[in-house]
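Trainee: Sharing a structure with you now.
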Amino acid sequence: MNLSDLNPRQRDAVKYIDSPLLVLAGAGSGKTRVITTKITYLIESCGLKAHNIAAVTFTNKASKEMKARISGSLDKKLLRGLKVSTFHTLGLNIIRQELKQTGLRPGFSIFDSQDVASLLKEISSGNLTEDDDQIKQIQWKISSWKNSLIDPARAMSMAEEKIDVVCASIYEKYQMSLRAYNAIDFDDLIFLPVDLFQRDKDVLHKWQNKIHYMLVDEYQDTNGCQYEMVKLLVGGRNCLTVVGDDDQSIYAWRGAQPENLAQLKQDYNNLEVIKLEQNYRSVGRILKAANTLIDNNPHVFEKKLWSDKGFGDPIKVMRCKNDEHEAQRVVSEILSHRFQKRTKYSDYAILYRGNHQSRLIEKALRDHRVPYFLSGGTSFFEKTEVKDIMAYLRVIANYDDDAAFLRIVNTPRREIGSGTLAKLGEYAQDRGISLFRACDEMGLEQYLNSRAINNLRGFTQWIVNLNEKIDDENLIKSLRSMVLELDYETWLIDNSKSPAVAEKRMENVNDLLSWIENAKDKSDEHSSLAEMVNYMSLMNILERQEGENESDSVNLSTLHASKGLEFPYVFIIGMEEELLPHRVSIDEGNIEEERRLAYVGVTRAQQNLTLSYTRIRKKYGEKVQCEVSRFVDELPQDDLLFEGGKVETNPEEQMQRGKAHLANLKGLLS
DNA sequence: TGGGGTGATATTTTT
DNA sequence: TATCACCCCA
79 MNLSDLNPRQ RDAVKYIDSP LLVLAGAGSG KTRVITTKIT YLIESCGLKA HNIAAVTFTN
139 KASKEMKARI SGSLDKKLLR GLKVSTFHTL GLNIIRQELK QTGLRPGFSI FDSQDVASLL
199 KEISSGNLTE DDDQIKQIQW KISSWKNSLI DPARAMSMAE EKIDVVCASI YEKYQMSLRA
259 YNAIDFDDLI FLPVDLFQRD KDVLHKWQNK IHYMLVDEYQ DTNGCQYEMV KLLVGGRNCL
319 TVVGDDDQSI YAWRGAQPEN LAQLKQDYNN LEVIKLEQNY RSVGRILKAA NTLIDNNPHV
379 FEKKLWSDKG FGDPIKVMRC KNDEHEAQRV VSEILSHRFQ KRTKYSDYAI LYRGNHQSRL
439 IEKALRDHRV PYFLSGGTSF FEKTEVKDIM AYLRVIANYD DDAAFLRIVN TPRREIGSGT
499 LAKLGEYAQD RGISLFRACD EMGLEQYLNS RAINNLRGFT QWIVNLNEKI DDENLIKSLR
559 SMVLELDYET WLIDNSKSPA VAEKRMENVN DLLSWIENAK DKSDEHSSLA EMVNYMSLMN
619 ILERQEGENE SDSVNLSTLH ASKGLEFPYV FIIGMEEELL PHRVSIDEGN IEEERRLAYV
679 GVTRAQQNLT LSYTRIRKKY GEKVQCEVSR FVDELPQDDL LFEGGKVETN PEEQMQRGKA
739 HLANLKGLLS
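Each residue of the first sequence is one higher than the last, beginning at 79 in my numbering.
The structure is reproduced here in structure tokens:
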């Protein structure tokens, strides 16, 4: 097999199979390429079967890209059964195949974090813990327990303070409710398989026999539970390659344990480490800046990026009067640069720390009629209309899904009010059954008047009919007729601010349905409604439909969401103390993660990088004096070109301006 | 049932 | 200050 278009280090990483391997892949060093080539190599040159290889990523986007790249390089026949998925999808597949051992019934639901929050709210209503803040804390606590493989009993025995006891008991009730609803949460998708593997060695061996080689991407983002899952599946064999970059760990705040990278050394004593330091993305100046910046962080593994793409232009630093001025200047900079260099809008990206920062930029872009693409925002599956239809599907697949039941029982209106639901809930809770089942019980007559009962039963009967009508053959047809029967469109029109909005929302509903149709055609894996619904619960954006026009637009993104992307010309705005690094991180002493965030931003740029900061920024409606970010000071000053700003207020800034002037001259000379 | 007034809130977000 | 969710009243 031909590995000649890889560099020596990449080739080593592909060919090394003698022991577990950690590939430390710097930004833009071609890590996805290494993983995909290695999979091809394992199949073509090592004689492994595709269905015995599992490649794991964190996002659907990454796994989709990986699949696309592999299928471009290898015959489709040889790829049958190759497992490329997210951690959560892998977990879901394990649960599905070992359903009996997990105590779940077919058709189980997956609760998203909103479902979880409202369930927790209901559970803790007796326990003096009702405000949203505390609910969030409990949710976080339960999630971290699961990520550390602690079950309710252990949480209870470990509890020392009163608050821990309360949390542990809520945790226990929460698990019981999930069980009653035949539901699991996102954390369970990893927790349940790991728990099962630990309890039942036969099942573990069965899965070890299925997976002869495992590859994990973005390893610095794994949490404790995911680490354990990999460890169990590998089970002392030499069949593991993980790829990661501790300098790009920016998700510690949501449970990622970047120390898992270092932990590998201890758990796999024959671990091999290969570093990928050649960067294929950026010019030398940008890498020099990135290296210098990240040098301020402590490192377990030293790493220095380099490239042969030439040195490039100085990094511009724009000092602006205020935040509006900043937006104006960034936009006019893009416009004039585009005009001079005849570039596309899509060559530019504007990156920022917080979502709110996009507002002024958006306004400036609109004023200049510049098309832009905002990455992030409310994702498709978060939209109310999509959640509504999804809830219908969930209830049809799993009557016991109370979260979904509550969402749609009176949407569109069926004259089932909160009073009725409260009594129904009480009744169901007393008997430990779901709301749906409770509707059918005779005992209900004593609690509710016949009108309410009729409404409820009308609804459940309608669902039962749908369930019976739907079979996998006519799934889409039945779903479309369901939406018609609901008269959902009328409801949308009545409940939207304008006809245009209503139309857009109905379009989303139709997109959802055609997406289901499409996905069903594409694979036979997710053919039943229940499987389809599970699969969709793990999605957050609608995959782009074929032929959808990719318009030429400026990219706006948070620094977090920009990881993995690259652009010729990058602007990072708001390079100020208290913003980047963020105030909260300064207070918590989390400067290192903020620095990595800045590092991620800097390394997105291929050609040019422009940083901007303002002297005055409106925060919470108040004008606040701002200071330039310490990260600007940490960059190699000779490579910076300061622009704008005439009046220096303090001597330090005077100095800086002197330096900038010098750099300016150098920049002009080079 | 919906519109308007009120009050809380403002870091990052995938599955 | 700007937004948004929520609640109350007509």
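Even for Gly, the Cβ is constructed at its ideal location relative to N, Cα and C.
Given the structure is predicted, the values throughout are model-derived calculations rather than measurements.
With a threshold of 16 other CB atoms inside 10 Å of the CB of residue 466, please say whether the residue is buried or exposed.
Mentor: Walking along the first sequence from the start, residue 466 turns up at place 388. Buried.
Trainee: Using the DSSP secondary-structure output, state which residues sit across from residue 397 in a beta bridge.
Mentor: If you number the first sequence from 1, residue 397 lands on position 319. Bridge partners of residue 397: 691.
Trainee: Report the rounded CA-to-CA distance for residue 378 versus residue 468, giving the unit in angstroms.
Mentor: Taking the first residue of the first sequence as 1, we reach residue 378 at position 300. Taking the first residue of the first sequence as 1, we reach residue 468 at position 390. Their Cα atoms are separated by approximately 45 Å.
Trainee: Do residue 710 and residue 368 count as a contact pair if the criterion is CB distance below 8 Å?
Mentor: Locating residue 368 in the first sequence gives position 290, counting from the first residue. Locating residue 710 in the first sequence gives position 632, counting from the first residue. Not in contact: residue 368 and residue 710 (Cβ atoms no closer than 8 Å).
Trainee: With DSSP as the reference, identify every bridge partner of residue 636, one or two as the case may be.
Mentor: Locating residue 636 in the first sequence gives position 558, counting from the first residue. In the DSSP output, where bridge partners are listed per residue, residue 636 has 430.
Trainee: Counting Cβ pairs closer than 8 Å, one from the stretch 210 to 219 and one from the stretch 488 to 506, do we hit at least three?
Mentor: No: the two stretches stay apart, fewer than three of their Cβ pairs being nearer than 8 Å.
Trainee: Mapping DSSP to helix, strand and coil, what is residue 187?
Mentor: As a first step, residue 187 must be located in the first sequence, where it is residue number 109. Residue state, collapsed to three classes: strand.
Trainee: Could you pull out every unbroken alpha helix (DSSP H) segment of at least 4 residues lying fully inside the stretch 274 to 324, listed in chain order?
Mentor: Correct list: 279 to 288 and 302 to 312.
Trainee: Tell me the DSSP secondary structure of residue 532 in three-state form.
Mentor: For the purposes of this step, residue 532 is taken as the residue at position 454 of the first sequence. In this structure, residue 532 counts as helix in the three-state DSSP scheme.
Trainee: Could you spell out where the alpha helix (DSSP H) holding residue 336 opens and where it closes?
Mentor: Reading the first sequence from its first residue, position 258 is the one you call residue 336. Premise fails: residue 336 is in no alpha helix (DSSP H) and is neither H nor E.
Trainee: Are the beta-carbon atoms of residue 267 and residue 109 separated by less than 8 Å?
Mentor: The count along the first sequence starts at 1 and reaches residue 267 at position 189. The count along the first sequence starts at 1 and reaches residue 109 at position 31. No.
Trainee: Answer yes if the stretch 684 to 698 comes into contact with the stretch 398 to 417, meaning at least three C-beta pairs across the two stretches below 8 Å, and no otherwise.
Mentor: Touching, per the Cβ criterion.
Trainee: What separation, rounded to the nearest whole angstrom, lies between the Cα atoms of residue 493 and residue 474?
Mentor: Position 415 of the first sequence, counted from the start, is the residue given in the question as residue 493. Position 396 of the first sequence, counted from the start, is the residue given in the question as residue 474. Whole-angstrom Cα-Cα distance: 21 Å.
Trainee: Would you mind working out which of 382, 119 and 418 sits nearest residue 93, comparing C-alpha positions?
Mentor: Counting from 1 along the first sequence, the entry for residue 93 is found at position 15. Measuring from the Cα of residue 93, the nearest candidate turns out to be 119.
Trainee: Could you name the residues of the same chain whose beta carbon sits closer than 8 Å to that of residue 334, not counting the 5 residues immediately before and after it, in chain order?
Mentor: Here residue 334 refers to the residue found at position 256 when the first sequence is read from its first residue. Once the five neighbours on either side are set aside, the close Cβ partners of residue 334 are 298, 299, 300, 301 and 327.
Trainee: Just mark residue 342 as buried or exposed, buried being the case when its beta carbon has 16 or more other beta carbons within 10 Å.
Mentor: Along the first sequence, one-based indexing puts residue 342 at 264. When all chains shown are included, residue 342 counts as buried.
Trainee: When the Cα atoms are used, what is the spatial distance from residue 291 to residue 311?
Mentor: The residue given as residue 291 occupies position 213 in the first sequence. The residue given as residue 311 occupies position 233 in the first sequence. Going by the C-alpha atoms only, they are around 9 Å apart.
Trainee: DSSP three-state label for residue 389, please.
Mentor: On the first sequence, residue 389 is found 311 positions in, with the first residue counted as 1. Looking at residue 389 - three-state DSSP - the assignment turns out to be coil, as it is neither helix nor strand.
Trainee: For residue 133, which of helix, strand or coil comes out of DSSP?
Mentor: Here residue 133 is taken as the residue at index 55 of the first sequence, counted from 1. It is a strand residue.
Trainee: Indicate the three-state DSSP secondary structure (helix, strand or coil) for residue 641 in the structure shown.
Mentor: Locating residue 641 in the first sequence gives position 563, where the first residue counts as 1. Residue state, collapsed to three classes: coil.
Trainee: Within the stretch 487 to 544, note down every full alpha helix (DSSP H) run reaching 4 residues or more, in order along the chain.
Mentor: With a minimum length of 4 residues, the continuous alpha helix (DSSP H) runs that stay inside the stretch 487 to 544 are 496 to 509 and 513 to 518.
Trainee: Does the contact criterion of 3 or more C-beta pairs under 8 Å hold for the stretch 260 to 278 versus the stretch 167 to 184?
Mentor: Flag = yes, the stretch 260 to 278 and the stretch 167 to 184 touch.
Trainee: Per DSSP, residue 263 forms a beta bridge with which residues?
Mentor: Looking up residue 263 in the first sequence gives position 185. Per DSSP, 189.
Trainee: Along the chain, which unbroken stretches of the alpha helix (DSSP H) at least 4 residues long are found entirely within the stretch 193 to 256?
Mentor: Within the stretch 193 to 256, the complete alpha helix (DSSP H) runs of at least 4 residues are 210 to 225 and 230 to 236.
Trainee: CB-CB under 7 Å to residue 156, same chain, minus the five flanking residues each way: which ones, in chain order?
Mentor: Along the first sequence, one-based indexing puts residue 156 at 78. Here the set comprises 121 and 128.
Trainee: Would you call the stretch 96 to 113 and the stretch 356 to 372 in contact, with 3 or more CB pairs under 8 Å?
Mentor: Yes, since at least three Cβ pairs between the stretch 96 to 113 and the stretch 356 to 372 fall closer than 8 Å, the two stretches touch.
Trainee: Compute the Euclidean distance between the alpha carbons of residue 287 and residue 526, then round it to the nearest angstrom.
Mentor: Residue 287 sits at position 209 when you count from the first residue of the first sequence. Residue 526 sits at position 448 when you count from the first residue of the first sequence. The straight-line gap from Cα to Cα measures roughly 56 Å.
Trainee: In whole angstroms, give me the CA-to-CA distance for residue 322 and residue 351.
Mentor: As a first step, residue 322 is located in the first sequence; it is residue number 244 there, counting from the start. As a first step, residue 351 is located in the first sequence; it is residue number 273 there, counting from the start. Going from the Cα of residue 322 to the Cα of residue 351 covers about 11 Å.
Trainee: Closest by CA to residue 629, which one among 422, 436 and 515?
Mentor: Looking up residue 629 in the first sequence gives position 551. Of 422, 436 and 515, the residue nearest in Cα terms is 422.
Trainee: Just to check my reading of the structure: residue 658 and residue 676 have Cβ atoms closer than 8 Å, yes? What is that Cβ distance to the nearest angstrom?
Mentor: As a first step, residue 658 must be located in the first sequence, where it is residue number 580. As a first step, residue 676 must be located in the first sequence, where it is residue number 598. Going by Cβ atoms, the distance from residue 658 to residue 676 rounds to 6 Å, so yes, they are a contact pair.
Trainee: Given this structure, state the Cα-to-Cα distance separating residue 519 from residue 533, to the nearest angstrom.
Mentor: Translated into the one-based positions of the first sequence, residue 519 becomes position 441. Translated into the one-based positions of the first sequence, residue 533 becomes position 455. Roughly 14 Å separates the two Cα atoms.
Trainee: Tell me the rounded alpha-carbon separation between residue 517 and residue 279.
Mentor: Along the first sequence, one-based indexing puts residue 517 at 439. Along the first sequence, one-based indexing puts residue 279 at 201. Whole-angstrom Cα-Cα distance: 42 Å.
Trainee: Can you tell me whether residue 450 is helix, strand or coil according to DSSP?
Mentor: One-based indexing of the first sequence puts residue 450 at position 372. Three-state DSSP puts residue 450 in a strand.
Trainee: How should residue 223 be labelled, buried or exposed, when 16 other C-beta atoms within 10 angstroms of its C-beta is the threshold for buried?
Mentor: Locating residue 223 in the first sequence gives position 145, where the first residue counts as 1. Result: buried.
Trainee: Taking one C-beta from the stretch 139 to 151 and one from the stretch 423 to 441 each time, how about it: are there three or more such pairs within less than 8 Å?
Mentor: Contact between the stretch 139 to 151 and the stretch 423 to 441 is absent, because fewer than three Cβ pairs lie under 8 Å.
Trainee: Any contact of the stretch 84 to 102 with the stretch 135 to 145, i.e. 3+ C-beta pairs under 8 Å?
Mentor: The stretch 84 to 102, when compared against the stretch 135 to 145, does not touch it at the 8 Å Cβ threshold.
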